[in-house]
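Here the structure is laid out as structure tokens; the discussion comes afterwards.
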Amino acid sequence: MMSPFRCILYFSGLVLVLGLRPVVHHPLMIRFQNCAGNRPLQLSGELYSNSFGEIFSVQQFKYYVSAIRVSGEHEEEVLLKEAHLVDEGDSSSLVLHLSTDLADIRTISFVVGVDSLANTGGVQGGDLDPMLGMFWTWNTGYVYARLEGESDSAHSPAHRFTWDIGGYKDPSNALRTVTLDVGGRSGLTGGGVRITADILKWFDGKSPVHLASSPVCHEPGALAMRIADNYSTMFSVAP
Amino acid sequence: MKSFVTIGCLLMVVAWMGVRKPTPMKLPVPAGWPAPQYDFKKNPLTKEGFLLGRKLFYETALSKDSTISCASCHQQFGAFATYEHPLSHGIDNTLTTRNAPALQNLAWQKEFMWDGGINHLDLQPLAPLTAVNEMGETIAEVLHRLQRDTAYVRMFREAFGDTAINTQRMGRALSQFLVMLVSADSKYDRVMQGKDSFLLPERLGYGIFQQKCSSCHRAPLFTDLSYRNTGIPPDNTLNDYGRMRITGDRRDSLKFRVPSLRNVAITHPYGHDGRFFSLLNVFEHYRKNMIVTPLTDSILQHRLPLSNFEIGQLTAFLNTLTDTTFLKNPLFAPPGYVITPVFIHRH
């Protein structure tokens, strides 16, 4: 028969080992800051210029981020599996309030777009509701990212350029994974990460895409793949 | 005191009725058919879901000017195709570029549209709903309209447990109605079950059908659900190249879904753009008018030779695929509507 004292001792030892390992949830705020070069993005007719000197304004800028994960020196943690729609026109969508168990974050990564399960699984809800318009009804699939505006260089109707990028089937799979160096806990300012997204990279992030020659992209395919490659380079962690 | 108990009991009954579970329903799977493709785990069939789907199917408020419902182009007496219209009509005197296909046995289909562009039945209604040359409305506005309609609020609650009306639930309810459109009670089916027998021309036609047509129009669905180029030249006003627009692959140029031949006698006109007004036009196309190119289907590289005799017997057989039980089933008609189907109408 064990003495009660011993019993308590063993029990509390067990609790210490199993249950009381301190798990601290660190709040982690991710803020998306959309910009055009070194200027903040405005949807009110402000004029910007890409590296080819094409002058344009922007009316819509939206993109899905999903599978947000952070990694420390040895560990990795998925913070948000679901897709979140970042919409420059809706300031509440620019901030994500998450929390992480990791005390030290080295990198943050996410997918720009929506995984194939959501593309093939019928009508989705929340940020993936087809009602939000980031969806092709006639050729099922999500628009992963949209940049729309006007430019005299675009010889499309009303000089409007409309770039809707998506595609989940090979060889037109436009999903892109972005990994950013956060540089340890010290890189976080006030528990948050500021991620800037530079629209100018859509034109020349990896290969040149001119408004003059490609003002319209409305379906998966080679052009969408090139623009997706380009915008996968638009993100960086703001100092 | 007694009255308090009574009121309490009544309140409990009312509360219980409020959260009443919907009544499960089963898809009738005809004997010998493969397993359905539709994922019922995500969207279990219920009586309440089906009735809501049926109401939505006949709902003109889904279109911008409240003139068009799904049923406008998918008429029950025409096996849910458009009777005698080559191209579907949209709002404001618009025309679409395609012939509305019959809606039947959809639970066995994984892709939809003539080009297979839509990969889930729940998503299918969003295409005609938002297309400017069909119903021309936004999803948000349609949902808003349904949310203001107390009958819909009640029916969504009965079907899904609470009053939320959203895109997903609208799609799922419509699917519950659509998957129930099973056509498997034609004379052909009864003959196969040993309950009926073919007349001589029907029997001869069946033999010819098995020899010349059934590799694409495969029983029991009477389609192998593939996409094929059958030598139909593109119309220069429609410029519809079919499957190629979906895959981006040049080899898919002018490929269209093999249509089911169930109820074929009443689903005229035929072809993706309804250019063939009668079965005779279709036979003439296959034996004489096909434009054969290297991209035309390999089994049709020499067209499809058919004698006048064969055409006669084939027509007799194809008429046995008409399923009047399906065409007259009051379960699929709008509530309180008496239908008098035109069974076989020849030109």
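Chain order of the listed sequences is A and B.
Just add 60 to wherever you are in the first sequence, counting from 1, and you've got our numbering.
Just add 126 to wherever you are in the second sequence, counting from 1, and you've got our numbering.
Yeah, the Cβ is synthetic: ideal placement off N, Cα and C, and Gly gets one too.
This one's a predicted model, so the numbers in the text were calculated from it and none came from an experiment.
Contact check, residue i vs residue j, beta carbons under 8 Å
i: residue 335 of chain B; j: residue 443 of chain B; result: yes
i: residue 230 of chain B; j: residue 383 of chain B; result: no
i: residue 208 of chain A; j: residue 120 of chain A; result: yes
i: residue 215 of chain A; j: residue 272 of chain A; result: yes
i: residue 274 of chain A; j: residue 289 of chain A; result: no
i: residue 117 of chain A; j: residue 107 of chain A; result: yes
i: residue 202 of chain A; j: residue 172 of chain A; result: no
i: residue 499 of chain B; j: residue 447 of chain B; result: Limits of chain B in this structure are 127 at one end and 473 at the other, which puts residue 499 of chain B out of reach.
i: residue 413 of chain B; j: residue 431 of chain B; result: yes
i: residue 348 of chain A; j: residue 258 of chain A; result: Residue 348 of chain A cannot be examined here, being either before or after the span of chain A that is shown, 61 to 299.
i: residue 112 of chain B; j: residue 225 of chain B; result: Any property of residue 112 of chain B remains undetermined from this structure, which presents chain B solely from 127 to 473.
i: residue 223 of chain A; j: residue 165 of chain A; result: no
i: residue 297 of chain B; j: residue 181 of chain A; result: no
i: residue 259 of chain B; j: residue 216 of chain B; result: yes
i: residue 143 of chain A; j: residue 126 of chain A; result: yes
Through-space distance from residue j to residue i, alpha-carbon basis
i: residue 385 of chain B; j: residue 411 of chain B; result: 16 Å
i: residue 472 of chain B; j: residue 408 of chain B; result: For residue 472 of chain B, the predicted structure reports a pLDDT of 48, less than 50, and the residue's modelled location is therefore unreliable. The matter cannot be settled from this model.
i: residue 260 of chain A; j: residue 377 of chain B; result: 36 Å
i: residue 262 of chain A; j: residue 193 of chain A; result: 21 Å
i: residue 295 of chain B; j: residue 151 of chain B; result: 17 Å
i: residue 228 of chain B; j: residue 393 of chain B; result: 7 Å
i: residue 341 of chain B; j: residue 195 of chain B; result: 35 Å
i: residue 246 of chain A; j: residue 89 of chain A; result: At residue 246 of chain A the pLDDT is 46, less than 50, meaning the model places this residue with poor confidence and gives no usable figure here.
i: residue 237 of chain B; j: residue 133 of chain A; result: 45 Å
i: residue 197 of chain B; j: residue 325 of chain B; result: 35 Å
i: residue 225 of chain A; j: residue 435 of chain B; result: 54 Å
i: residue 279 of chain B; j: residue 286 of chain B; result: 11 Å
i: residue 305 of chain B; j: residue 253 of chain B; result: 18 Å
i: residue 452 of chain B; j: residue 203 of chain B; result: 9 Å
i: residue 147 of chain B; j: residue 459 of chain B; result: 25 Å
i: residue 210 of chain B; j: residue 349 of chain B; result: 22 Å
i: residue 252 of chain A; j: residue 295 of chain A; result: 16 Å
i: residue 180 of chain B; j: residue 187 of chain B; result: 14 Å
i: residue 285 of chain A; j: residue 456 of chain B; result: 50 Å
i: residue 190 of chain B; j: residue 317 of chain B; result: 46 Å
i: residue 169 of chain A; j: residue 160 of chain B; result: 44 Å
Minimum Cβ-Cβ distance from residue i to chain A less than 8 Å
i: residue 252 of chain B; result: yes
i: residue 470 of chain B; result: At residue 470 of chain B, the pLDDT of 49 sits below 50, so the modelled position is not reliable; the number obtained from the coordinates is stated separately. No, its Cβ sits nowhere closer than 8 Å to a Cβ of chain A.
i: residue 294 of chain B; result: yes
i: residue 249 of chain B; result: yes
i: residue 233 of chain B; result: no
i: residue 168 of chain B; result: yes
i: residue 266 of chain B; result: yes
i: residue 245 of chain B; result: yes
i: residue 374 of chain B; result: yes
i: residue 297 of chain B; result: yes
Residue from the options whose Cα sits closest to the Cα of residue i
i: residue 228 of chain A; options: A/254, A/267, A/279; result: A/279
i: residue 311 of chain B; options: B/450, B/165, B/372, B/424; result: B/450
i: residue 275 of chain B; options: B/453, B/153, B/182; result: B/182
i: residue 157 of chain A; options: A/200, A/177, A/92; result: A/92
i: residue 320 of chain B; options: B/157, B/153, B/149; result: B/157
i: residue 162 of chain A; options: A/129, A/255, A/149, A/175; result: A/129
i: residue 347 of chain B; options: B/162, B/372, B/323; result: B/162
i: residue 115 of chain B; options: B/361, B/330, B/262; result: Because chain B is modelled from 127 through 473, residue 115 of chain B falls outside the range shown and cannot be assessed.
is_contact[residue i, chain B] using C-beta, thresh 8 Å
i: residue 232 of chain A; result: yes
i: residue 189 of chain A; result: yes
i: residue 184 of chain A; result: yes
Cross-chain neighbours of residue i in chain E, by beta carbon under 8 Å
i: residue 270 of chain B; result: This model lacks chain E altogether; the protein chains it does include are A and B.
Cβ-heavy atom distance, residue i to the ligand MG, below 7 Å
i: residue 230 of chain B; result: In the structure shown, the ligand MG is absent, as is every other ligand, since no ligand is present at all.
- Message: Please give the ranges of any alpha helix (DSSP H) in the region 138 to 183 of chain A, keeping only runs that are unbroken, at least 4 residues long and fully inside the region.
- Response: 176 to 180
- Item | Completely contained alpha helix (DSSP H) runs for the region 292 to 361 of chain B, where each covers 4 or more residues | Listed in chain order, the complete alpha helix (DSSP H) runs (minimum 4 residues) inside the region 292 to 361 of chain B are 293 to 305, 313 to 318, 326 to 338.
- Message: List, from N- to C-terminal side, the beta strand (DSSP E) runs of 3 residues or more that fit wholly inside the region 194 to 221 of chain B.
- Response: List check, beta strand (DSSP E) in window: nothing returned.
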